[in-house]
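These protein sequence lines are chains A and B, in that order.
Read in numbering that gives the first Met the number 0, the first sequence has 132 at position 133, and its numbers run on one by one without any break.
Read in numbering that gives the first Met the number 0, the second sequence has 113 at position 114, and its numbers run on one by one without any break.
Where is the CB? At the ideal position from N, CA and C, for every residue including glycine.
Below is one structure, written out as structure tokens; comments come after it.
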Amino acid sequence: MSALPLSDAAIAKLVEVIESLAFLIPFGEVPCPDDSPWGVVVVLPWTATDRRSRGDLWLALTPDAAAEAARNMCGLAPDQPLAAGDAAEATGELANVLLGNLLPLIHGAEAEFHLGAPVSGVPANFPREGARAIDLGGGMLAVAIISEEL
Amino acid sequence: MGYHILVVDDNRIMREMVGKSVRLSPLEVGEVYQAANGAEALERLGEHLIDLVLLDINMPVMNGEQFLEKLRADPVLKHTLVVVVSTESSLPRIQRLRDLGAGFIHKPFRPEELVKAVHELVAQAGRRI
């Protein structure tokens with residue numbers, strides 16, 4: 000599989016999703032870091048229903064950003080503790096909504112896809128080629144898509 | 000009395016968010032139940048009187064489209080109101096869901112979009128809120 004370049008329209012959609020779903024405030028795009036600062040990484044696979052293509056969306060958040068997203072999505076006050084797994088669940092849903100919004104930008108509105116369940120990814124394996132990162136003011140988020148034609 | 004609502008989504012946090020949205024909306028809401036997939040949703044519908052189902056599409060075990068087909072084939076449950084709440088963007092699939100009598104709103108959504116979809120569905124079905 001190879002990295003799929005993400006357009007500016009895709010990044011605009013990413014910003015819209017993280018603002019409206021996780022209530023995170025983006026402070027602009029930053030270079031994807033060389034090291035691996037990620038606290039939560041999820042991988043969300045998809046397959047075109049005509050089986051002509053498949054791929055994975057990778058979404059990575061630093062620990063503070065993942066916790067803030069989960070706290071916001073759960074409606075928790077800053078002093079309320081997160082439950083185990085909340086950060087991963089929140090990141091998984093962010094990945095799901097993001098991918099659902101990106102696929103029609105990439106393949107058109109007529110294409111149909113099956114989205115799999117998000118799974119935890121190894122932070123060190125986050126694919127930096129083609130990835131784009133967003134500064135969240137104290138935290139960071141990065142997204143990458145890899146795909147292949149079948 | 001208000002609408003008894005079933006929220007069907009495989010993500011626990013999204014179920015909570017959707018449930019919170021309907022409770023904060025102007026809709027009159029009674030009980031809010033949850034299910035993690037279509038099969039669980041059918042079980043809940045057998046256990047409780049439910050007026051409105053808020054349904055995700057991409058779920059394991061039984062997805063939203065399969066659930067909707069089974070619901071519409073059930074002589075007792077076939078008139079249950081369903082609004083699909085999904086990231087789904089494929090126009091052919093959205094049309095199939097509409098043909099099965101479901102409303103549709105796209106994630107991420109604002110609570111007022113959910114209320115509008117429910118009102119449109121109720122008007123189409125000739126019911127009153």
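A/A9: member of the alpha helix (DSSP H) spanning D7 to A21, first to last residue. With distances taken between CA atoms, A/L98 lies nearest to B/S89 out of B/Q94, B/S89 and B/K115.
When DSSP states are grouped into helix, strand and coil, A/A68 belongs to the helix group.
Residue pairing by DSSP puts B/F103 in a beta bridge opposite B/V83. With a cutoff of 9 Å on beta-carbon distance, B/A38 and B/V6 are scored as not near each other. B/M0 is outside the set of residues whose beta carbon lies under 9 Å from a beta carbon in chain A. Cβ-Cβ distances below 8 Å link B/Y32 to H3, I4, L5, V6, R43, H47 and I49 in the same chain, with the five nearest sequence neighbours on each side left out; the list follows chain order. Between the C-alpha atoms of B/A122 and B/K69 there is a straight-line separation of about 23 Å. Around the CB of B/P91, fewer than 16 other CB atoms lie within 10 Å, so the residue is classed as exposed. When C-beta distances to chain A are compared with 9 Å, the residues of the segment 72-91 of chain B below that value are S85, T86, E87, S88, S89, L90 and P91, in chain order. Per DSSP, B/I12 is one residue of the alpha helix (DSSP H) stretching across R11 to L23. The straight-line gap separating the alpha-carbon atoms of B/D8 and B/R109 is approximately 17 Å. Three or more beta-carbon pairs drawn from the segment 9-28 of chain A and the segment 128-142 of chain A are found closer than 8 Å, and the two stretches are therefore classed as touching. With respect to the 9 Å criterion, A/V41 and A/S119 are classified as neighbours on the basis of their beta carbons. Taking the beta carbon of A/V96 as reference, the chain B residues within 7 Å of it are T86, K106 and P107, listed in sequence order. Along the segment 10-31 of chain A, going in chain order, the ones with a CB nearer than 7 Å to a CB of chain B are V16, S19 and L20. A/P117 sits buried, since 16 or more C-beta atoms from the chains shown fall within 10 Å of its C-beta.
Scanning B/D98, B/T86, B/I93 and B/F103 for the CA closest to the CA of A/L93 turns up B/T86. Spanning the alpha carbons of A/D33 and B/M16 requires a straight line of approximately 35 Å.
Using a CB distance cut-off of 9 Å, B/D50 does not count as an interface residue toward chain A. In the DSSP assignment, B/H78 falls outside any beta strand (DSSP E) and carries neither an H nor an E. DSSP places A/L101 inside the alpha helix (DSSP H), whose first and last residues are D85 to H106. The C-beta of B/I4 comes no closer than 9 Å to any C-beta of chain A.
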